[in-house]
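Going down the list, the sequences are from chains A and B. Using this note's numbering, count along the first sequence one by one with no gaps and you end on 147. Using this note's numbering, count along the second sequence one by one with no gaps and you end on 1147. We put the CB at the ideal spot given by N, CA and C, even for glycine. The structure displayed is predicted, hence computed values, not measured ones.
There are 2 protein chains.
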Amino acid sequence: MNIGEASNASGVSAKMIRYYEEIGLIRPMGRTGNNYRVYGEEEVHILRFIKRARNLGFSLEETETLLKLWQDKSRESAAVKEVATAHIGDLERRIAEMQGMLKTLKHLANCCGGDNRPNCPILDDLAGDGAADVPIPAGRKKTRQDA
Amino acid sequence: MNIGEASNASGVSAKMIRYYEEIGLIRPMGRTGNNYRVYGEEEVHILRFIKRARNLGFSLEETETLLKLWQDKSRESAAVKEVATAHIGDLERRIAEMQGMLKTLKHLANCCGGDNRPNCPILDDLAGDGAADVPIPAGRKKTRQDA
DNA sequence: TGTGGAGCTTCCCATCATGGGAAGGTCAAG
DNA sequence: CTTGACCTTCCCATGATGGGAAGCTCCACA
Chain A
1 MNIGEASNAS GVSAKMIRYY EEIGLIRPMG RTGNNYRVYG EEEVHILRFI
51 KRARNLGFSL EETETLLKLW QDKSRESAAV KEVATAHIGD LERRIAEMQG
101 MLKTLKHLAN CCGGDNRPNC PILDDLAGDG AADVPIPAGR KKTRQDA
Chain B
1001 MNIGEASNAS GVSAKMIRYY EEIGLIRPMG RTGNNYRVYG EEEVHILRFI
1051 KRARNLGFSL EETETLLKLW QDKSRESAAV KEVATAHIGD LERRIAEMQG
1101 MLKTLKHLAN CCGGDNRPNC PILDDLAGDG AADVPIPAGR KKTRQDA
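As structure tokens, this is what we get:
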């Protein structure tokens, strides 16, 4: 199987497959005489695992951890759960942060006429003319997944 | 006022103030004889405006639009509301996406023993051994704010 | 007057995950 | 034998921010 077929079978772009190899997330693939990478079912399975982890918002670093745990048949499920739980916490924090923004924005948008007059409470708020509500920076971990 | 004082007064780091100048978000500042940038109250006000827009999750590009609208005394509030509404929609999409991940993850974590045994439904799911629930990529706009 | 430290300047690099695209080799079908 | 679809490597861009080096200026204190 060439990289294109592996890409189709896994849903991971060829570009990303090469990148994952480069950063050591997956092992360097064997090559044919023409220097093409060769993939088998097992590699495709691994790529699909990665794809799904990414879809759940895990960073590549977390994905690597999960991948190793997956391949370690003597793992303790507690280790997996810990990674998942940490990620859940991170997601919750980020969601809460965005919901805070959303609440403020909806309120402001609601107060804004949205007509042809210049008067606008949204801008007034941004300009700090009203009460300054200090927002929480809410330090996010490096998620590596926002693009 | 030097850049450090402007930074303190606005909450925007000196590094970012220079960057905003570089990308044209703010006008190049006047310099003293020693080549130091000089800031006045108006500039600090602008920086605070930017800071607040960023805190509400607006991208630098959106912030630039809002800044121009703010400075255009003959703007129509509809234009401002449009930017805000688009951003609200974006936030809602992203929140929904993360809530989807969260829901799946919580379910999986809940099913995982989290003990010293290797059996783990989280890994099983990632490996695709169970039913494959296809997630929505939910293409996000370039937000420029995720770091 | 000298000196040390704080603050300013520019410049380059790193992040995180991904895509774009160029330049060139390879293969298969027509 | 040509054409087009692959593959390869290499470099660059994204968005917003921080780190840090090298070199300048300025102020306070001894």
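Note on geometry: alpha-carbon atoms of B/I1095 and B/Y1036 lie some 43 Å from one another. Spanning the alpha carbons of B/E1021 and B/M1029 requires a straight line of approximately 8 Å. Listed along the chain, the chain B residues whose CB falls inside 7 Å of the CB of A/I88 are L1102, L1105, K1106 and A1109. At a cut-off of 7 Å between beta-carbon atoms, A/G57 makes contact with chain B.
Within the same chain, no residue comes within 6 Å of B/A1109 by CB-CB distance, once the 5 residues on both sides are set aside. Of the candidates B/L1091, B/E1064, B/E1092 and B/N1055, the residue whose Cα lies closest to the Cα of B/I1023 is B/E1064. Per DSSP, B/R1117 has no beta bridge partner at all. Under the three-state reduction of DSSP output, A/R31 falls in the strand class. Closest option to B/Y1039, judged by alpha-carbon separation, among B/N1116, B/E1062 and B/I1017: B/I1017. Rounded to whole angstroms, B/R1027 and A/L47 show a C-alpha spacing of 48 Å. Per DSSP, B/S1010 is one residue of the alpha helix (DSSP H) stretching across I1003 to S1010. For B/D1124, the nearest beta carbon of chain A is not closer than 7 Å to its own beta carbon. Considering only B/K1103, B/S1074, B/K1081 and B/D1072, the residue with the shortest C-alpha distance to A/A84 is B/K1103.
The way I'd put it, the region 43-62 of chain A doesn't touch the region 1058-1073 of chain B; fewer than three beta-carbon pairs between them come closer than 8 Å.
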